[in-house]
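*Asks:* Take the sequence shown: its position 64, counting from 1, is numbered 64 in our numbering, and each next residue is one higher. The C-beta atom is built at its ideal place from N, Cα and C for all residues, glycine as well. All of these numbers come straight from a predicted model, not from anything done at the bench. Quick one: structure below, then a few questions.
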Amino acid sequence: MKYIVTGSNGALGTDLVKELEKRNQDVLKGTRDNINIENRELVFKTITEYKPDVIIHPAAYTQVDMCENMEDYAMKINGYGTKNIVDAAKEVGAKVIYTSTDYVFDGTKPINEIYHVDDKTNPLSVYGKSKLLGEKITREYDKHFIVRTSWVYGKTGNNFVKTMLRLSETHDEVNVVDDQIGSPTYTVDLAKLLVDMSLTDKYGTYNATNKGYISWATFAEEIFGVFEKNTKVNRISTEEYLSKQTKTIAPRPLNSQLSTSELTENGFECLPFYLEALVRYKNELEPIKKENSNPKKLILK
1 MKYIVTGSNG ALGTDLVKEL EKRNQDVLKG TRDNINIENR ELVFKTITEY
51 KPDVIIHPAA YTQVDMCENM EDYAMKINGY GTKNIVDAAK EVGAKVIYTS
101 TDYVFDGTKP INEIYHVDDK TNPLSVYGKS KLLGEKITRE YDKHFIVRTS
151 WVYGKTGNNF VKTMLRLSET HDEVNVVDDQ IGSPTYTVDL AKLLVDMSLT
201 DKYGTYNATN KGYISWATFA EEIFGVFEKN TKVNRISTEE YLSKQTKTIA
251 PRPLNSQLST SELTENGFEC LPFYLEALVR YKNELEPIKK ENSNPKKLIL
301 K
């Protein structure tokens, strides 16, 4: 089969390409040079010439806080950039796998409840609204998979795990929010699932995260434990965190617990437990360079 992976240089895109190459599939690495999703003409040229069987589309503008002040741009990339991909896919009959986010939900459900794929969406942030627009556009094409995920980290790019590890080298303690609950997701595991999906016609909307629901503070403690760091985690509320900010901070869903029941119902294997994934991440991650700095307290989410 022939694949195009948009955003192939990103965290998920990188692992998707590796997974496809491991399975001896033909893959075109989508970058701004050959499939800039803002450029409709270029998107159509590349897709109609390559004629992929599957387009996996993780490319997006993901700077959540920046989106609050750049709504037009976020909608252009995450919404109408996705339309360019979907419209071109229709021309060649390619399947489309669109990766979405827990941010399409408002997170106001009680903490003892979880979000199912057919629950009402109500994004609080511009980022969430732009990704929901991408969902709606993708859903207009019958050969689609929409996969919502959360708290993503991988070996490429910046993420919460790398931030915690970097800070552990220069800080004795960090303050991390404890009232936002969700599931960390390792890109290696997610990439495998997306490729598995691509080999089927079990179209629809799915949630996909590593197993286990935790807070950011608990995740930080798990990171320090797995990587054998001595940094202390002080648990704070989102309200406390926001009270100390001077820049625009996009609202986050407090409850990002996503049900993955649709995966098992359709014969897909759920992603492994988050802690097991974190241990594998440690074994695969390149050493992080230490930075010289004086230890100090830090507010972080």
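Going by beta-carbon coordinates alone, are lysine 192 and tyrosine 141 separated by less than 8 Å?
*Replies:* Taking the first residue of the sequence shown as position 1, residue 192 is located at position 192. Taking the first residue of the sequence shown as position 1, residue 141 is located at position 141. No. Outside cutoff.
*Asks:* Just curious, the alpha helix (DSSP H) that tyrosine 274 is in, first and last residue?
*Replies:* On the sequence shown, residue 274 is found 274 positions in, with the first residue counted as 1. Unbroken alpha helix (DSSP H) run through tyrosine 274: 274-284.
*Asks:* CB-CB under 8 Å to valine 214, same chain, minus the five flanking residues each way: which ones, in chain order?
*Replies:* Along the sequence shown, one-based indexing puts residue 214 at 214. Going by the sequence as given, residue 214 is isoleucine instead of valine. Cβ within range, chain order: Ile181, Gly182, Ser183, Pro184, Glu222 and Tyr274.
*Asks:* When burial is assigned at 16 or more other CB atoms within 10 Å of the CB, is leucine 167 buried or exposed?
*Replies:* For the purposes of this step, residue 167 is identified with residue 167 of the sequence shown, where counting begins at 1. So leucine 167 ends up on the buried side.
*Asks:* In whole angstroms, what separates the C-alpha of threonine 187 from that of serine 243?
*Replies:* Taking the sequence shown and counting its residues from 1, one reaches residue 187 at position 187. Taking the sequence shown and counting its residues from 1, one reaches residue 243 at position 243. For threonine 187 and serine 243, the distance between alpha carbons rounds to 32 Å.
*Asks:* Which residue's Cα is closest to the Cα of proline 253: Asn9, Leu133 and Val177?
*Replies:* Within the sequence shown, the letter at position 253 stands for residue 253. Residue Val177 is the option with its Cα nearest to proline 253.
*Asks:* Threshold first: 4 residues or longer. Then list the alpha helix (DSSP H) segments lying entirely within the region 97-139, N to C.
*Replies:* DSSP runs (the alpha helix (DSSP H)) wholly in the region 97-139: 126-139.
*Asks:* For the beta strand (DSSP E) that contains phenylalanine 145, what are its first and last residues?
*Replies:* Here residue 145 refers to the residue found at position 145 of the sequence shown. That run of the beta strand (DSSP E) goes 144-149.
*Asks:* Pick helix, strand or coil for leucine 199, following the three-state DSSP scheme.
*Replies:* In the sequence shown, residue 199 corresponds to position 199, counting from 1. The answer is coil: DSSP assigns leucine 199 none of H, G, I, E or B.
*Asks:* My output table needs one value for lysine 211: the three-state DSSP class, helix, strand or coil.
*Replies:* Here the question's residue 211 lines up with position 211 in the sequence shown. Residue state, collapsed to three classes: strand.
*Asks:* For serine 100, count neighbouring Cβ atoms within 10 angstroms of its own Cβ and tell me buried if that reaches 16, exposed if not.
*Replies:* As a first step, residue 100 is located in the sequence shown; it is residue number 100 there, counting from the start. Buried: at least 16 other Cβ atoms inside 10 Å.
*Asks:* Alpha carbon to alpha carbon, how far is valine 104 from lysine 129? Give it in angstroms, no decimals.
*Replies:* Mapped onto the sequence shown, residue 129 falls at position 129. Mapped onto the sequence shown, residue 104 falls at position 104. If you take the alpha carbons of lysine 129 and valine 104, they lie about 7 Å apart.
*Asks:* From the DSSP output, which residues share a beta bridge with leucine 165?
*Replies:* The residue given as residue 165 occupies position 165 in the sequence shown. Paired residue(s): none; leucine 165 is not in a bridge.
*Asks:* Compare the C-alpha of tyrosine 50 against each of Val17, Ala59, Val5 and Leu16 and name the closest.
*Replies:* Here residue 50 refers to the residue found at position 50 of the sequence shown. Considering only alpha carbons, the answer is Val5.
*Asks:* Checking 8 Å against the spacing of the C-beta atoms, do valine 233 and valine 161 come in under that value?
*Replies:* Within the sequence shown, numbered from 1, the residue matching residue 233 stands at position 233. Within the sequence shown, numbered from 1, the residue matching residue 161 stands at position 161. No, Cβ-Cβ distance for valine 233 and valine 161 is not below 8 Å.
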